[in-house]
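**Q**
Number of protein chains: 2
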Amino acid sequence: MMDVEFLAEVQEAFKSIQDRQISALCEFDGALDVVRDRWDRPGGGGGDTRILKEGRVIEKGGLNFSAVEGEVNAPLAQQLSTEAGRFAATGVSSVLHPNCPHVPIIHMNVRYFTLDDGTWWFGGGIDLTPHYVIPAEAKAFHQDLKAVCDRHAVADYATFKPWADRYFSIPHREESRGVGGIFFDHIGRDGKANRQEVLDFCLDLAGQFAAIYVKRAEPFVQQFVSAEDAEWQGLRRGRYVEFNLVHDRGTRFGLVSGGRTESILMSLPDRAHWTYDFQAKPGSPQAETLDWLRKGVAGVDWLAQ
Amino acid sequence: MMDVEFLAEVQEAFKSIQDRQISALCEFDGALDVVRDRWDRPGGGGGDTRILKEGRVIEKGGLNFSAVEGEVNAPLAQQLSTEAGRFAATGVSSVLHPNCPHVPIIHMNVRYFTLDDGTWWFGGGIDLTPHYVIPAEAKAFHQDLKAVCDRHAVADYATFKPWADRYFSIPHREESRGVGGIFFDHIGRDGKANRQEVLDFCLDLAGQFAAIYVKRAEPFVQQFVSAEDAEWQGLRRGRYVEFNLVHDRGTRFGLVSGGRTESILMSLPDRAHWTYDFQAKPGSPQAETLDWLRKGVAGVDWLAQ
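Protein sequence lines, in the order shown, are assigned to chains A and B. Here the first sequence stands for residues 0 to 304, numbered as in numbering that gives the first Met the number 0. Here the second sequence stands for residues 0 to 304, numbered as in numbering that gives the first Met the number 0.
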């Protein structure tokens, strides 16, 4: 049996997190246009997608809340390794693409899944994709994530950090997507965790998202942008598109299993760019960034930088 | 045993096709910059990628010749349903992205595959992706492809045309990529075809590629481009990226099996664009194009238009 009362509590909490993220981002940006798109899922449930547009800092942001339920069909049964008959899932995903190439892209997600065999679990994470990697910034970002994890017995930065390194990598480029972050999944599925404690961790993480981003964005908002910077931003956005469409399990599963395409692909940047066999000039900031991203495939201990 | 003499003959013929396509396209365009990138494949063989850039008509073209060989590893054995030990493959792929949104995108590929159990086959096709669908243009394009097929007993437009409709579709958008064309694979694998006849068909098709494109491109090269046209082109290019990265079997197999990333992704446009939940104005040329592309999922009989 599903615990529908706890499910409703998680849904409410996630919905409220989405609202608070939007308020905080609008206050920070000062010029964002917010478009709201509520939608129903044919099989059951629905969602609320908000698009942030044409701001001072944020060019395009997508924040999606969903609360869906339905039958466990064949692809889902395979994906989840389950024989349960029905599922319910709720989550919030947020992706921010900034105007300025000196400001990083950020992504966060928290989600809760439960089956009618009574099992449940949480998953999620936050990762940062700077167009130009600055080690001190990556370190400060990871310090913030570690601080959130350290407040919760159910969260382990030492486990979740390398999990993000494995997940947010682009094997066909032999690069990481960015400087990583934390990633976790199936937390609680073994029946050993206290679900309120896992929920509290997810809410703390998602609740910190806007503040964590603002610290990494604000100092760079006014920085001068050369034509070369803009070009490089387009190329890095192309890599972001490649990761999401080729490798990201959530995106791919959503697209092939009949998820809502527009809400799934809200994570893509407004514009992206591909140049055949781009070669960064040795010693340039672009070359330095590529060095970090290549090291990122195996994982970089940012806290030690 | 592989017939290495015939393999060498196919390689030479494909290489020469690539040269002739480039000559014809350069002559037509008049202002193309050609960048050549020869490469080796770690496991055996290599290729010759040519990028056409910044022309009068063509913004970015990628023409790739490859002749590779090696051991049949696990993913390849699964992909090919074979227990053979070694393979050789050679092919030419060409993709042209024009500057002007009134000029269509085009793609063609011919390839030959042989295994050390003595089996061999050809595959390939041509498909057209107009940013704005014009039925008379789609009809003329399909007439040209049918004419090529009709010259060869081994080619059947009535089989290859719906094959392209099935292949070049974007299920998560419920749209076809464009107005289709022809697609074929495993021709000769059943041991019933004459390989010289299949090669002749492939060479005829690939040999007609530039002429077929020029007829569809030339009348539209000078057409006025509004800001709305440019925006729409970016969105359609976004769909092209989605098809190639999410669905195209050749691209996906290449990326996950360790193919040469830059040569595989030369098919992507220089720039692409995503707008959340774009809605075409009823009655607009964009809405008409979307209608055709939605019909294209089931297949449109362009010859009857």
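Even glycine gets a Cβ: it sits at the ideal position worked out from N, Cα and C.
On the criterion of 16 or more Cβ atoms from any shown chain inside 10 Å, does Asp126 of chain A qualify as buried, or is it exposed?
**A** Within the first sequence, numbered from 1, the residue matching residue 126 of chain A stands at position 127. Buried: at least 16 other Cβ atoms inside 10 Å.
**Q** Is it buried or exposed for Lys280 of chain A, if we count other Cβ within 10 angstroms and need 16 for buried?
**A** In the first sequence, residue 280 of chain A corresponds to position 281, counting from 1. The residue is exposed, with fewer than 16 neighbouring Cβ atoms inside 10 Å.
**Q** Measure from the C-beta of Asp269 of chain A to each C-beta in chain B and report whether the shortest distance is under 9 Å.
**A** To locate residue 269 of chain A, count along the first sequence from 1; it is residue 270. Closer than 9 Å to some Cβ of chain B, the Cβ of Asp269 of chain A qualifies, so yes.
**Q** Are the C-beta atoms of Tyr239 of chain A and some chain B residue less than 9 Å apart?
**A** For the purposes of this step, residue 239 of chain A is taken as residue 240 along the first sequence, with counting starting at 1. Not one chain B Cβ lies under 9 Å of Tyr239 of chain A.
**Q** Taking the alpha-carbon positions, what's the Gly29 of chain B to Leu302 of chain A distance?
**A** Start at 1 with the first residue of the second sequence, and residue 29 of chain B comes out as number 30. Start at 1 with the first residue of the first sequence, and residue 302 of chain A comes out as number 303. Using only the alpha carbons, I get a separation of about 55 Å.
**Q** In chain A, which residues lie less than 7 Å from Thr288 of chain B when you measure between Cβ atoms?
**A** The residue labelled residue 288 of chain B in the question sits at position 289 within the second sequence. Result: empty, since nearest Cβ-Cβ is about 18 Å, beyond 7 Å.
**Q** Quickly, what does DSSP pair Asp39 of chain A with across the bridge? List them, please.
**A** In the first sequence, counting from the first residue as 1, residue 39 of chain A sits at position 40. Asp39 of chain A is bridged to A:Gly45.
**Q** What separation, rounded to the nearest whole angstrom, lies between the Cα atoms of Ala205 of chain B and Gly122 of chain B?
**A** On the second sequence, position 206 is the one that residue 205 of chain B refers to. On the second sequence, position 123 is the one that residue 122 of chain B refers to. Roughly 12 Å separates the two Cα atoms.
**Q** Could you check which residue in B:Met1, B:Asn72, B:Gly90, B:Val56 has the C-alpha nearest to that of Pro103 of chain B?
**A** Taking the second sequence and counting its residues from 1, the one referred to as residue 103 of chain B is at position 104. Nearest C-alpha to Pro103 of chain B: B:Val56.
**Q** Between which two residues does the beta strand (DSSP E) harbouring Pro369 of chain B extend?
**A** Coverage of chain B is limited to positions 0 through 304, which leaves residue 369 of chain B absent and any answer about it impossible.
**Q** Using the beta-carbon of each residue, which ones in chain B are nearer than 9 Å to Ile50 of chain A?
**A** Start at 1 with the first residue of the first sequence, and residue 50 of chain A comes out as number 51. Residues of chain B passing the Cβ test: Tyr275, Asp276.
**Q** Tell me whether Ser92 of chain B sits in a helix, a strand or coil according to DSSP, three-state version.
**A** Counting from one through the second sequence, the residue named residue 92 of chain B turns up at place 93. Looking at Ser92 of chain B - three-state DSSP - the assignment turns out to be strand.
**Q** Under a CB-based cut-off of 9 Å, is Thr128 of chain A close to chain B?
**A** Within the first sequence, numbered from 1, the residue matching residue 128 of chain A stands at position 129. False, the Cβ-Cβ gap to chain B never drops below 9 Å.
**Q** Which whole runs of the alpha helix (DSSP H) in the stretch 108-176 of chain B are 4 residues long or more, in chain order?
**A** Qualifying alpha helix (DSSP H) stretches, in chain order: 134-149, 156-166.
**Q** Grouping DSSP H, G and I as helix and E and B as strand, with all else coil, what is Lys191 of chain A?
**A** Mapped onto the first sequence, residue 191 of chain A falls at position 192. Looking at Lys191 of chain A - three-state DSSP - the assignment turns out to be coil, as it is neither helix nor strand.
**Q** By Cβ distance below 7 Å, which residues in the same chain neighbour Glu136 of chain A in space, the five residues on each side in sequence not counted?
**A** Locating residue 136 of chain A in the first sequence gives position 137, counting from the first residue. Closer than 7 Å at the Cβ level, and outside the excluded window around Glu136 of chain A, lie Pro129, Arg215.
**Q** Below 8 Å, how does it come out for the stretch 213-230 of chain A and the stretch 95-114 of chain A: are there three or more Cβ pairs, yes or no?
**A** In short, these stretches touch, since the Cβ pair count reaches three.
**Q** Using a cut-off of 8 Å between C-beta atoms, extract the partners of Asp36 of chain A located in chain B.
**A** Translated into positions along the first sequence, residue 36 of chain A becomes position 37. What Asp36 of chain A touches in chain B: Tyr275, Asp276.
**Q** Looking at the structure shown, is Ala233 of chain B part of a helix, part of a strand, or coil, going by DSSP?
**A** If you number the second sequence from 1, residue 233 of chain B lands on position 234. Before going on, a small fix: residue 233 of chain B reads as Gly here, not Ala. The answer is helix: DSSP assigns Gly233 of chain B an H, G or I state.
**Q** Would you please verify whether the beta carbon of His171 of chain A is less than 9 Å from any beta carbon of chain B?
**A** Here residue 171 of chain A is taken as the residue at index 172 of the first sequence, counted from 1. Yes, because at least one Cβ of chain B sits closer than 9 Å to the Cβ of His171 of chain A.
**Q** Got a sec, what are the start and stop residues for the beta strand (DSSP E) Leu31 of chain A sits in?
**A** As a first step, residue 31 of chain A is located in the first sequence; it is residue number 32 there, counting from the start. First-last for Leu31 of chain A: undefined, no H or E at that position.
**Q** Got a sec, what are the start and stop residues for the alpha helix (DSSP H) Phe64 of chain A sits in?
**A** Here residue 64 of chain A refers to the residue found at position 65 of the first sequence. That residue, Phe64 of chain A, is in no alpha helix (DSSP H); its beta strand (DSSP E) goes 57-70.
**Q** Short of 6 Å in beta carbon distance, which residues of its chain neighbour Ala83 of chain A, apart from the five on each side in sequence? Order them along the chain.
**A** Taking the first sequence and counting its residues from 1, one reaches residue 83 of chain A at position 84. Here the set comprises Val71, Leu114, Asp115, Asp116.
**Q** I'd like to know if Glu227 of chain B contacts chain A, where contact means its C-beta is closer than 9 Å to some C-beta of that chain.
**A** Within the second sequence, the letter at position 228 stands for residue 227 of chain B. Glu227 of chain B does not count as touching chain A.
**Q** Who are the near neighbours of Asp143 of chain A in its chain, counting only those whose CB is closer than 6 Å to its CB and skipping five residues on each side?
**A** By one-based count along the first sequence, residue 143 of chain A stands at place 144. Excluding sequence neighbours, Asp143 of chain A sits near Ile211.
**Q** Consult DSSP for Arg85 of chain B and reduce its assignment to one of helix, strand or coil.
**A** Taking the first residue of the second sequence as 1, we reach residue 85 of chain B at position 86. Of the three classes helix, strand and coil, the one that applies to Arg85 of chain B here is strand, per DSSP.
**Q** Residues of chain D with CB closer than 7 Å to the CB of Leu24 of chain A, please, in chain order.
**A** Reference to chain D is not applicable here, since the protein chains of this structure are A and B.
**Q** CB-CB under 6 Å to Phe242 of chain B, same chain, minus the five flanking residues each way: which ones, in chain order?
**A** Translated into positions along the second sequence, residue 242 of chain B becomes position 243. Once the five neighbours on either side are set aside, the close Cβ partners of Phe242 of chain B are Ile169, Arg176.
**Q** Below 7 Å on C-beta distance, what does Met265 of chain B contact in chain A?
**A** Residue numbering aside, residue 265 of chain B sits at position 266 when the second sequence is read from its first letter. Ordered by position in chain A, the residues that pass the 7 Å Cβ test against Met265 of chain B are Tyr275.
**Q** Determine the contact status of Leu292 of chain A and Glu217 of chain A, defining contact as a CB-CB distance below 9 Å.
**A** Along the first sequence, read from residue 1 onward, the residue named residue 292 of chain A stands at position 293. Along the first sequence, read from residue 1 onward, the residue named residue 217 of chain A stands at position 218. In this structure, Glu217 of chain A does not lie closer than 9 Å to Leu292 of chain A by Cβ.
**Q** Exposed or buried, Thr48 of chain B, counting other C-beta atoms within 10 Å across all chains shown (16 or more means buried)?
**A** Translated into the one-based positions of the second sequence, residue 48 of chain B becomes position 49. So Thr48 of chain B ends up on the buried side.
**Q** How far does the alpha helix (DSSP H) with Phe277 of chain A in it reach, from first residue to last?
**A** Here residue 277 of chain A is taken as the residue at index 278 of the first sequence, counted from 1. No alpha helix (DSSP H) holds Phe277 of chain A; DSSP gives it neither H nor E.
**Q** List the endpoints of the continuous alpha helix (DSSP H) containing Phe252 of chain B.
**A** Within the second sequence, the letter at position 253 stands for residue 252 of chain B. Residues 248-255.
**Q** Which residue comes first and which comes last in the alpha helix (DSSP H) that contains Ala76 of chain A?
**A** One-based indexing of the first sequence puts residue 76 of chain A at position 77. Counting along the chain, the alpha helix (DSSP H) containing Ala76 of chain A begins and ends at 73-79.
**Q** Just how far apart, CA to CA, sit Ala87 of chain A and Gln78 of chain A?
**A** One-based indexing of the first sequence puts residue 87 of chain A at position 88. One-based indexing of the first sequence puts residue 78 of chain A at position 79. Near 15 Å, if we compare the C-alpha coordinates of Gln78 of chain A and Ala87 of chain A.
**Q** Roughly how many angstroms lie between the CA atoms of Gly233 of chain B and Arg270 of chain B, to the nearest whole one?
**A** Numbered from its first residue, the second sequence carries residue 233 of chain B at position 234. Numbered from its first residue, the second sequence carries residue 270 of chain B at position 271. When rounded, the distance between both Cα atoms is 7 Å.
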